[in-house]
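J.: Protein chains in written order, with this note's numbering: chain B, 1 to 233; chain V, 1 to 233.
There are 2 protein chains.
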Amino acid sequence: MGAPAAAAGATIADRVFDQLRRAIVEGEIPAGSKLSEPVLAERFAVSRGPLREAMRRLESSNLLEWRANVGARVVTLSSERLLELYQVREALEGMAARLAAERMSDGAVEELKALVQQHGRDVARECWQAYFQQEGDLDFHYRIVIGSGNLRLVRILCDDLYHLARMYRCQFGMKSDRARDALKEHALIVDAIAGRDGELAEWLMRRHVRASCANVKRRLAAEQAAAGTEASS
Amino acid sequence: MGAPAAAAGATIADRVFDQLRRAIVEGEIPAGSKLSEPVLAERFAVSRGPLREAMRRLESSNLLEWRANVGARVVTLSSERLLELYQVREALEGMAARLAAERMSDGAVEELKALVQQHGRDVARECWQAYFQQEGDLDFHYRIVIGSGNLRLVRILCDDLYHLARMYRCQFGMKSDRARDALKEHALIVDAIAGRDGELAEWLMRRHVRASCANVKRRLAAEQAAAGTEASS
DNA sequence: TCAACCAGGATTGTCGACAATAGATGATTC
DNA sequence: GAATCATCTATTGTCGACAATCCTGGTTGA
Chain B
1 MGAPAAAAGA TIADRVFDQL RRAIVEGEIP AGSKLSEPVL AERFAVSRGP LREAMRRLES
61 SNLLEWRANV GARVVTLSSE RLLELYQVRE ALEGMAARLA AERMSDGAVE ELKALVQQHG
121 RDVARECWQA YFQQEGDLDF HYRIVIGSGN LRLVRILCDD LYHLARMYRC QFGMKSDRAR
181 DALKEHALIV DAIAGRDGEL AEWLMRRHVR ASCANVKRRL AAEQAAAGTE ASS
Chain V
1 MGAPAAAAGA TIADRVFDQL RRAIVEGEIP AGSKLSEPVL AERFAVSRGP LREAMRRLES
61 SNLLEWRANV GARVVTLSSE RLLELYQVRE ALEGMAARLA AERMSDGAVE ELKALVQQHG
121 RDVARECWQA YFQQEGDLDF HYRIVIGSGN LRLVRILCDD LYHLARMYRC QFGMKSDRAR
181 DALKEHALIV DAIAGRDGEL AEWLMRRHVR ASCANVKRRL AAEQAAAGTE ASS
């Protein structure tokens, strides 16, 4: 699910890649901080070779920024970049929904329906809320992207962007106060996909992503304002 | 323009990255072929360390496929993958056009207009045709993506997808028999951007990409058919 | 004859050491 | 006292060698 594991016949570089990514995404290594190769090599008990390979891959995933002869830093999160991320997601997930409506197998559509119903029960019970619901949300989006049958789309979204999105969630501490609305939107999207209406599915998905984005914007603005009054008091 | 150069204070791995990418994109190293680290290290006169780093980056750019303990292969081009690429481009470049219409500076819009007019003159003269026009096409799309002001979009399209697109062009030997139509579509897109009509710009850009895709599909089908008769004759 | 098994060779993965570069520290000069 | 420059240290970039793994071909057994 959370896709942590390095594959079976994995190499050291693979393992370090996973571990380091987790540490960065979850904020254990703070955003913007410098990564020292000797330090990390010791921490993971590997030599610098595999470590550098892992870091290079993290760089390609847009989690690290590399400067020649200087070193690597964890990317700094900013609200601008977060909004950029939402714009890209809107475009790509919209396309994914359209394709999924056209090509997803009937079985997969049924599973998707079941998933949304399960989420509905979870939200109604209002118990596991926040974090768990978040994972559920990701699961929903994952399935549609995979259902698109477009491997390049899957790569871009699942291998790169979703990790970044998770990083923002972890570090900006976003709990989902939008679960109820989001769930409704999910249900509509599933209906469109089940009805094989690609155009509608895309439109709904794009609106859904924009709504998430607007919610985040609102929260950021509120935070900003709170910080402002705090500073001036 | 073609963005070949490794930056000034570049490292060996950077240089090898650029050279190797060029060799792969232009088909000097054939698609699907295996890359031997010792052989390549000798060819570029570097040790395997920087070479492996370059290869890892090529892998992240989706130009290589890596299997642990086995080695790296150049990706194999297929028509399915090409169509996938067009779908992703449609989504992303559509979004780019929308954002460009909203945020591109007036100066940049003027330059874009001038570019399209220049292309118009080139096509009318019908001299440099094919290759040059192709580069011109890429230039047009580049500018719009950059004009979107969305750095993540720029990265995905310019750093990865466009190289792949160029690889298909080089190796499927696609000459542009669509220059005239494409040019008209470009002109419409520029008008929409200049009119700050984001929705229209997106719609036009998506249609433009779909038209390119349809053209490629037609050609592939024709090739397929030709190969079929050839085989049965 | 065919399948499974077992070296042999070659390639990839990993490591530690050396070279080159950037940034910091302190001395010198205006 | 501040700015500049030289030196010095720590980090990164690169290399060659060793260890682990996979593919190939031949061999043996049923």
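No residue lacks a Cβ here, since even glycine has one placed at the ideal position from N, Cα and C.
Note that this is a predicted model, so its numbers are computed, not measured.
So which of GLU59/V, GLN19/V and ARG121/V has the shortest CA-CA distance to LYS184/V?
T.: Counting from one through the second sequence, the residue named residue 184/V turns up at place 184. Answer by Cα proximity: ARG121/V.
J.: From the DSSP output, which residues share a beta bridge with LYS34/V?
T.: Walking along the second sequence from the start, residue 34/V turns up at place 34. ARG73/V, per the DSSP bridge assignment.
J.: Using DSSP with H/G/I as helix, E/B as strand and the rest coil, what is ARG196/V?
T.: Position 196 of the second sequence holds residue 196/V. Of the three classes helix, strand and coil, the one that applies to ARG196/V here is coil, per DSSP.
J.: Check for me: the beta strand (DSSP E) holding GLU253/B runs from which residue to which?
T.: Outside the shown range of chain B (1 to 233) lies residue 253/B, about which nothing can therefore be said.
J.: If distances are taken between C-alpha atoms only, which option among LEU161/V, ALA45/V and ARG152/V comes closest to SER78/B?
T.: The count along the first sequence starts at 1 and reaches residue 78/B at position 78. Among LEU161/V, ALA45/V and ARG152/V, the Cα nearest to that of SER78/B is on ARG152/V.
J.: Anyone know if the C-beta pair for ARG52/V and GLU37/V falls short of 8 Å?
T.: In the second sequence, residue 52/V corresponds to position 52, counting from 1. In the second sequence, residue 37/V corresponds to position 37, counting from 1. Their beta carbons are under 8 Å apart, which means ARG52/V touches GLU37/V by this criterion.
J.: Relative to the C-alpha of ARG166/V, which residue among ALA179/V, ASP139/V and SER33/V is closest?
T.: Reading the second sequence from its first residue, position 166 is the one you call residue 166/V. Residue ASP139/V is the option with its Cα nearest to ARG166/V.
J.: For the alpha helix (DSSP H) holding SER105/B, just list the boundary residues, first then last.
T.: As a position in the first sequence, residue 105/B is number 105, starting the count at 1. Neither: SER105/B is in no alpha helix (DSSP H) and is coded neither H nor E.
J.: Using only alpha-carbon positions, find the residue among ILE29/B, GLN171/B and LEU58/B that is nearest to ASP159/B.
T.: Start at 1 with the first residue of the first sequence, and residue 159/B comes out as number 159. Minimum Cα distance to ASP159/B is reached at LEU58/B.
J.: Just to check my reading of the structure: VAL209/B and TYR86/B have Cβ atoms closer than 8 Å, yes? What is that Cβ distance to the nearest angstrom?
T.: Numbered from its first residue, the first sequence carries residue 209/B at position 209. Numbered from its first residue, the first sequence carries residue 86/B at position 86. The Cβ separation is near 6 Å, so the contact holds.
J.: Could you compute how far the alpha carbon of TRP66/V sits from the alpha carbon of LEU112/V?
T.: Counting from 1 along the second sequence, the entry for residue 66/V is found at position 66. Counting from 1 along the second sequence, the entry for residue 112/V is found at position 112. Each residue's alpha carbon lies about 40 Å from the other.
J.: Would the beta-carbon of ARG21/B fall within 8 Å of that of HIS163/B?
T.: In the first sequence, residue 21/B corresponds to position 21, counting from 1. In the first sequence, residue 163/B corresponds to position 163, counting from 1. Yes, these two residues count as a Cβ contact at 8 Å.
J.: What does the Cβ neighbour count give for ARG143/V, buried or exposed, with the cut at 16 atoms within 10 Å?
T.: As a first step, residue 143/V must be located in the second sequence, where it is residue number 143. Buried, because 16 or more other Cβ atoms sit within 10 Å of the Cβ of ARG143/V.
J.: Between the Cα of SER212/V and those of ALA182/V, ALA97/V and SER47/V, spot the shortest distance and give me the residue it belongs to.
T.: The sequence position of residue 212/V within the second sequence is 212, counting from 1. Among ALA182/V, ALA97/V and SER47/V, the Cα nearest to that of SER212/V belongs to ALA182/V.
J.: The alpha helix (DSSP H) that contains LEU164/B, what's its start and end?
T.: As a first step, residue 164/B is located in the first sequence; it is residue number 164 there, counting from the start. Start and end: 162 to 172.
J.: With distances taken between CB atoms, is the gap from LEU161/V to ARG89/V smaller than 8 Å?
T.: As a first step, residue 161/V must be located in the second sequence, where it is residue number 161. As a first step, residue 89/V must be located in the second sequence, where it is residue number 89. Result yes, Cβ atoms of LEU161/V and ARG89/V sit closer than 8 Å.
J.: Alpha helix (DSSP H) containing VAL46/V: first to last residue?
T.: In the second sequence, the residue the question calls residue 46/V occupies position 46. First-last for VAL46/V: undefined, no H or E at that position.
J.: Please list the residues of the segment 70 to 90 of chain V that have a C-beta atom closer than 8 Å to any C-beta atom in chain B, keeping them in chain order.
T.: So the close ones are ARG81, GLU84, LEU85, GLN87, VAL88 and GLU90.
J.: Evaluate GLY147/V with the Cβ neighbour count: other Cβ atoms within 10 Å of its Cβ, from every protein chain shown; 16 or more gives buried, anything less gives exposed.
T.: Within the second sequence, numbered from 1, the residue matching residue 147/V stands at position 147. Its Cβ being crowded by 16 or more others within 10 Å, GLY147/V is buried.
J.: Taking its Cβ as the centre, do 16 or more other Cβ atoms sit within 10 Å of ASP137/B, making it buried, or is it exposed?
T.: Translated into the one-based positions of the first sequence, residue 137/B becomes position 137. Buried, because 16 or more other Cβ atoms sit within 10 Å of the Cβ of ASP137/B.
J.: Under DSSP, the alpha helix (DSSP H) around ARG15/V begins and ends at which residues?
T.: By one-based count along the second sequence, residue 15/V stands at place 15. Its alpha helix (DSSP H) spans residues 12 to 25.
J.: Does chain B have any CB closer than 8 Å to the CB of GLU37/V?
T.: Reading the second sequence from its first residue, position 37 is the one you call residue 37/V. No, GLU37/V does not count as interfacial toward chain B.
J.: Between which residues of its own chain and SER33/B is the CB-CB distance below 8 Å, once the five residues before and five after are set aside?
T.: Counting from 1 along the first sequence, the entry for residue 33/B is found at position 33. Only ARG73 and VAL74 meet the Cβ criterion.
J.: On the criterion of 16 or more Cβ atoms from any shown chain inside 10 Å, does SER60/V qualify as buried, or is it exposed?
T.: Your numbering for residue 60/V matches position 60 in the second sequence. So SER60/V counts as buried.
J.: When you compare only the Cα positions, how much space is there between ALA222/V and ASN215/V?
T.: Working through the second sequence from its first residue, we reach residue 222/V at position 222. Working through the second sequence from its first residue, we reach residue 215/V at position 215. If you take the alpha carbons of ALA222/V and ASN215/V, they lie about 11 Å apart.
J.: Since I believe GLY198/B is in contact with GLU102/B (beta carbons under 8 Å), could you give me their beta-carbon distance rounded to a whole number of angstroms?
T.: Position 102 of the first sequence holds residue 102/B. Position 198 of the first sequence holds residue 198/B. Confirmed, about 5 Å.
J.: Kindly indicate if chain B contains any beta-carbon less than 8 Å away from that of MET205/V.
T.: Translated into the one-based positions of the second sequence, residue 205/V becomes position 205. Chain B, which has no Cβ nearer than 8 Å to the Cβ of MET205/V, makes this no.
J.: For the ligand MN, is there any heavy atom lying closer than 7 Å to the beta carbon of LEU164/B?
T.: Ligands in the displayed structure: none, and consequently the ligand MN is not present.
J.: Give me the Cβ distance between ARG155/V and ARG56/B, rounded to the nearest whole Å; I'm assuming they're in contact under 8 Å.
T.: Position 155 of the second sequence, counted from the first residue, corresponds to residue 155/V. Position 56 of the first sequence, counted from the first residue, corresponds to residue 56/B. Not confirmed; about 16 Å, so no contact.
J.: Using the Cα positions of ASN62/B and ILE29/B, report the straight-line distance between them to the nearest angstrom.
T.: The residue labelled residue 62/B in the question sits at position 62 within the first sequence. The residue labelled residue 29/B in the question sits at position 29 within the first sequence. Whole-angstrom Cα-Cα distance: 15 Å.
J.: How far does the alpha helix (DSSP H) with ARG152/V in it reach, from first residue to last?
T.: Here residue 152/V refers to the residue found at position 152 when the second sequence is read from its first residue. Its alpha helix (DSSP H) spans residues 151 to 154.
J.: Are the C-beta of ARG236/V and some C-beta of chain B separated by less than 8 Å?
T.: Since the first and last residues shown for chain V are 1 and 233, residue 236/V lies out of range.
J.: Please decide whether GLU199/B counts as near chain V, where near means a Cβ-Cβ distance under 8 Å.
T.: Locating residue 199/B in the first sequence gives position 199, counting from the first residue. No, its Cβ sits nowhere closer than 8 Å to a Cβ of chain V.
J.: Is LEU99/B closer than 8 Å to ASN150/B when the C-beta atoms are compared?
T.: Stepping through the first sequence from its first residue, residue 150/B is reached at position 150. Stepping through the first sequence from its first residue, residue 99/B is reached at position 99. Cβ distance < 8 Å, so ASN150/B and LEU99/B count as in contact.
J.: Using the rule of at least 16 other Cβ atoms within 10 Å of the residue's Cβ for burial, across every protein chain shown, is ALA13/V buried or exposed?
T.: The residue given as residue 13/V occupies position 13 in the second sequence. Looking at its Cβ environment, which holds 16 or more other Cβ atoms inside 10 Å, ALA13/V is buried.
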